[in-house]
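Here's the structure, in structure tokens; my notes come after.
The following block contains the structure:
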């Protein structure tokens, strides 16, 4: 094969487009590839592998690429990393939390226009729906500040879309809810609290139930230090921080972190979740439409991004993409979904790169994303 540096590798593979067979994915997975596997996605699988292999950055983790829910690529690299390895998925957790919230909306337990305070603080009999305030009809004095409550105009929609401006209890709101976008892990922690209120069950228990009901066997919700969690989830890869040398993370996962960034999964489990989510298995068409609708334009390392509910959205060059990335001490993550092609990518890592250079942290993610998008755009022509 022609040897190419990362910046020109994509061009080299495109020049080889007509010479590649449909069978490459089978060599990656060690079995017979489905006949419906396209040359484009086969090349994408090959390009992902070579991009990771040739990267100057330290990589330790697991990658899976699906087309129509079927794996084209399963790649693991790093000490003690196997197909069964699991990772803290960081902010990919928000997709799962948003899904559980929308399931509660579909069941009539929550209203997206309902106020945060009414669900958290207003009394109701056990297992009975709370009488929530719809912000549109609320007569609450919006300018009054109560240190024992959050801003009265914050709705579930605001929390899901990172437009709430919520601050810690006892602090005034950062801005008028709905007026701007500000990414908020705390907002998703509050969504976890809402789920606990309406379901009368801990968020961790709800994840266990969700996992069992949907055959997501390698999805976990555990609290404690990484060492203590590994005694229960033995497949969990030890997270490493990049400094002068790689050092083990001292990350501690608590109940507040779980819905915002503390869930644990294998690439297989999260890819299965993602495929089922976008196949209509979890939420109603109405809720899915709201989840994948652009609610705010956002600034990110990748251009032309907007945010839905737990998802980033991009429509650059006519290619619709739903994505998210994640970063925690010891762990990196990325998920991509292309609905027009039914292609999914999940990338979970147990090395968190130095945050002194944010573009470098996500450089490999960016290269892989660009390769996928470029190949899909060629297929579109």
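In this note's numbering, the protein residues as written are 151 to 531.
Even for Gly, the Cβ is constructed at its ideal location relative to N, Cα and C.
Taking 8 Å as the threshold, find out whether the stretch 434-442 comes into contact with the stretch 219-235 through three or more Cβ pairs.
-> No, the stretch 434-442 does not touch the stretch 219-235.
State the CB to CB distance for the pair residue 314 and residue 334, rounded to an integer number of angstroms; the pair is presumed to be in contact (CB under 8 Å).
-> Confirmed, Cβ separation roughly 7 Å.
Rounded C-alpha distance that separates residue 297 from residue 344 | Distance between the alpha carbons of residue 297 and residue 344 is about 19 Å.
Would you identify the three-state DSSP class for residue 353, choosing helix, strand or coil?
-> Judged by DSSP in its simplified three-state form, residue 353 adopts helix.
Specify whether the stretch 205-225 and the stretch 495-508 touch according to this definition: at least 3 beta carbon pairs, one from each stretch, less than 8 Å apart.
-> Taking a contact to require three or more Cβ pairs closer than 8 Å, the stretch 205-225 and the stretch 495-508 qualify as touching.
Excluding the five sequence neighbours on either side, which residues of its own chain have a C-beta within less than 8 Å of the C-beta of residue 514, listed in chain order?
-> If we look at residue 514 and ignore the five residues flanking it on each side, its Cβ neighbours are 201, 202, 205, 207, 209.
Could you pull out every residue in the same chain whose Cβ sits closer than 6 Å to the Cβ of residue 369, ignoring the five residues on either side in sequence?
-> Excluding residues within five positions, the ones whose Cβ falls inside 6 Å are 361, 415, 419.
Check residue 478 in the structure and name its three-state DSSP category.
-> In the displayed model, residue 478 falls within a strand according to three-state DSSP.
Quick one: give me the first and last residue of the beta strand (DSSP E) that residue 525 is part of.
-> For residue 525, no beta strand (DSSP E) segment is defined; the enclosing uninterrupted segment is the alpha helix (DSSP H) at 513-530.
When the Cα atoms are used, what is the spatial distance from residue 523 to residue 302?
-> Taking the straight line joining both Cα atoms gives about 42 Å.
Measuring CA to CA, which of 421, 486, 467, 253 is closest to residue 365?
-> The residue from 421, 486, 467, 253 with its alpha-carbon nearest to that of residue 365 is 421.
Residues bridged to residue 487 (per DSSP) | Looking at the DSSP assignment, residue 487 forms a beta bridge with 472, 494.
Got a sec, what are the start and stop residues for the beta strand (DSSP E) residue 237 sits in?
-> From DSSP, the beta strand (DSSP E) with residue 237 extends over 236-238.
Could you check if residue 490 is buried or exposed, using at least 16 other CB atoms within 10 Å of its CB as the buried criterion?
-> The Cβ neighbour count for residue 490, taken over all protein chains shown within 10 Å, is under 16; the residue is labelled exposed.
Do residue 249 and residue 529 have their C-beta atoms closer together than 7 Å?
-> For the 7 Å CB-CB criterion, residue 249 and residue 529 do not form a contact.
Within the same chain, show all residues whose beta-carbon is closer than 7 Å to that of residue 527, passing over the 5 residues directly before and after it, in chain order.
-> Around residue 527: 467, 469.
The stretch 393-403 / the stretch 340-358 touching (three or more Cβ pairs under 8 Å) | They do not touch, by the three-pair rule.
Please report the Cβ distance between residue 300 and residue 266, rounded to the nearest whole angstrom; I am assuming they are in contact, meaning their Cβ atoms lie under 8 Å.
-> Between residue 266 and residue 300 the Cβ distance is about 5 Å, and since that is below 8 Å, they are a contact.
Residue burial classification, residue 316 (beta-carbon count within 10 angstroms, cutoff 16) = Flag for residue 316 reads buried.
Would you grab the beta carbon distance between residue 254 and residue 348 for me? Rounded to a whole angstrom, and I think it's under 8 Å.
-> That belief holds up - the Cβ atoms of residue 254 and residue 348 are roughly 6 Å apart, short of 8 Å.
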